[in-house]
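Here the structure is laid out as structure tokens; the discussion comes afterwards.
Number of protein chains: 2
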Amino acid sequence: MVSTKPYLLRAIYQWCVDQGLTPYIAVLVDAETSVPAQYVKEGQITLNISPEAAHQLIMGDDLITCSARFGGVAQSLSIPVGNVSAIYARENGHGMAFEVVEAARQSAGQEETGDEPTPPEPTSPTDKSSGSRSHLTRIK
Amino acid sequence: MVSTKPYLLRAIYQWCVDQGLTPYIAVLVDAETSVPAQYVKEGQITLNISPEAAHQLIMGDDLITCSARFGGVAQSLSIPVGNVSAIYARENGHGMAFEVVEAARQSAGQEETGDEPTPPEPTSPTDKSSGSRSHLTRIK
Numbered sequence: 026m027v028s029t030k031p032y033l034l035r036a037i038y039q040w041c042v043d044q045g046l047t048p049y050i051a052v053l054v055d056a057e058t059s060v061p062a063q064y065v066k067e068g069q070i071t072l073n074i075s076p077e078a079a080h081q082l083i084m085g086d087d088l089i090t091c092s093a094r095f096g097g098v099a100q101s102l103s104i105p106v107g108n109v110s111a112i113y114a115r116e117n118g119h120g121m122a123f124e125v126v127e128a129a130r131q132s133a134g135q136e137e138t139g140d141e142p143t144p145p146e147p148t149s150p151t152d153k154s155s156g157s158r159s160h161l162t163r164i165k
Numbered sequence: 026m027v028s029t030k031p032y033l034l035r036a037i038y039q040w041c042v043d044q045g046l047t048p049y050i051a052v053l054v055d056a057e058t059s060v061p062a063q064y065v066k067e068g069q070i071t072l073n074i075s076p077e078a079a080h081q082l083i084m085g086d087d088l089i090t091c092s093a094r095f096g097g098v099a100q101s102l103s104i105p106v107g108n109v110s111a112i113y114a115r116e117n118g119h120g121m122a123f124e125v126v127e128a129a130r131q132s133a134g135q136e137e138t139g140d141e142p143t144p145p146e147p148t149s150p151t152d153k154s155s156g157s158r159s160h161l162t163r164i165k
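Residue numbers (the numbering used here), protein chains in the order written: chain Z, 26 to 165; chain B, 26 to 165.
Put into structure tokens, the structure is as follows:
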């Protein structure tokens, strides 16, 4: 049975777009995620999945895929729904947080990079959560 | 700005229908709700809003409306989104709970009826929540 999570991710995404807000997702990076490594920090990456930033976005029941530009270069992104730890509006932090699957959590520590992200689209999830954690409700 | 709540209600509804489960909503009854009074218990009513039970269902941003049969008689229901305290699948209790708006909460006590519901569609929300509360995550 499909969990409620992909439905909730799509719901918050649509809410953001309808309200003119910018949907961001926080992703726990592991071997199953395909994201630009130079923007991964502490095993996580935050991605702008607004229609302006993410093209050919498909928010499926198991996988989120899109194409996005990083430093002027288009990259294909692939993110298992289980790796998404939050979705929220950049402008006000409203959204939802999720417990990430254990497999993603365990391998996340191995993916850390020391690079400081200077992203056009992604932002540090730690910057975000300190200001807006109170808006997020953890779903188990 | 529209809250995330109507988006989340629609998401859980669609999840239920896609999984072959029966979506129920728990509603705090007040002057703004139009539901059959004989099935209201302790200021609340639980309604089956599956496609089989609720016809012409519209889950709007502000209002949920549909037509449903009670004791063989079709009735038009109108429920402000703010009065919905939970949406969940009858079969397994999975879904979401919400803080109801203060106005609905305050007036709910005035709407109590002592009738025992013997509903074809609605069930007592207290029967449900005792067994499945752990599945519901309260959204503020």
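Note that beta-carbon positions come from the ideal geometry of N, C-alpha and C, so glycine has one too.
If you're wondering where the values come from, they're calculated on a predicted model, not measured in any experiment.
Does residue i get closer than 7 Å to chain B when you measure Cβ to Cβ?
{"i": "Z:Leu72", "result": "no"}
{"i": "Z:Thr29", "result": "yes"}
{"i": "Z:Ala51", "result": "no"}
{"i": "Z:Ala36", "result": "yes"}
{"i": "Z:Met84", "result": "no"}
{"i": "Z:Leu88", "result": "no"}
{"i": "Z:Gln44", "result": "yes"}
Going by Cα to Cα distance, which pick from the options is closest to residue i?
{"i": "Z:Glu77", "options": "Z:Ala111, Z:Val109, Z:Met26, Z:Thr47", "result": "Z:Thr47"}
{"i": "Z:Glu39", "options": "Z:Ser101, Z:His119, Z:Pro105", "result": "Reading off the sequence, residue 39 of chain Z comes out as Gln, not Glu. For Z:Gln39, the nearest C-alpha among the options comes from Z:His119."}
{"i": "Z:Val98", "options": "Z:Asp86, Z:Ala79, Z:Tyr113", "result": "Z:Ala79"}
{"i": "Z:Ile104", "options": "Z:Phe123, Z:Asp87, Z:Val65", "result": "Z:Asp87"}
{"i": "Z:Ala114", "options": "Z:Ile74, Z:Ala93, Z:Ile89", "result": "Z:Ile74"}
{"i": "B:Leu102", "options": "B:Thr90, B:Tyr64, B:Gln69", "result": "B:Thr90"}
For residue i, count neighbouring Cβ atoms within 10 angstroms of its own Cβ and tell me buried if that reaches 16, exposed if not.
{"i": "B:Gln81", "result": "exposed"}
{"i": "B:Asp55", "result": "buried"}
{"i": "Z:Val27", "result": "exposed"}
{"i": "B:Ile83", "result": "exposed"}
{"i": "Z:Gln100", "result": "exposed"}
{"i": "B:Gly68", "result": "buried"}
Under 7 Å, do residue i and residue j count as touching if we go by C-beta distance?
{"i": "B:Val36", "j": "B:Ala111", "result": "Residue identity differs from the one stated: residue 36 of chain B is Ala in this sequence, not Val. No."}
{"i": "Z:Val125", "j": "Z:Pro31", "result": "no"}
{"i": "Z:Tyr49", "j": "Z:Thr71", "result": "yes"}
{"i": "B:Asn108", "j": "B:Leu33", "result": "no"}
Can you tell me whether residue i sits near the ligand FAD, meaning its C-beta is under 6 Å from at least one heavy atom of the ligand?
{"i": "Z:Val52", "result": "As presented, the structure is devoid of all ligands, the ligand FAD included, so that no description of it is given."}
Check whether the Cβ of residue i lies closer than 7 Å to any Cβ atom in chain Z.
{"i": "B:Tyr32", "result": "yes"}
Could one say the Cβ of residue i lies closer than 7 Å to chain C's Cβ atoms, at least one of them?
{"i": "Z:Tyr38", "result": "Of the protein chains in this structure, namely Z and B, none is chain C."}
Pairs of beta-carbons, one from the region 36–45 of chain Z and one from the region 55–66 of chain Z, closer than 8 Å: are there three or more?
Look at the beta carbons and you see the region 36–45 of chain Z not touching the region 55–66 of chain Z: under three pairs across the two are nearer than 8 Å.
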